[in-house]
Amino acid sequence: MATAIFDALPYYDNDLEVHPELRSKVEKELAREGKPPTTLHPKVPPPVDLFSVGISSFASTSFLDI
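What follows is the structure, encoded as structure tokens:
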């Protein structure tokens, strides 16, 4: 006998439509939460430019030298 698996079903959150009194509470919490910072912390390193080194720079280098 096969058992049905229900945890992979899509979830649709309609709590605000079912319980309209929650909408004001959610809006108050979002307003209290504040805005996310627009700048990074000073200790966060700059973004890395992946694949900025081309293959040609490795062409003259032997893998034994690495």
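The sequence shown maps to residues 480 to 545 in this note's numbering.
Beta carbons: idealized from backbone N, C-alpha and C, even for Gly.
None of these values were measured; they are calculated from a predicted model.
8 Å Cβ cutoff met for residue i and residue j
i      : j      : result
Leu501 : Asp494 : yes
Straight-line gap, residue i to residue j (C-alpha atoms, nearest Å)
i      : j      : result
His498 : Lys522 : 44 Å
Arg511 : Lys504 : 11 Å
Glu508 : Lys514 : 12 Å
Asp528 : His520 : 19 Å
Thr518 : Glu506 : 25 Å
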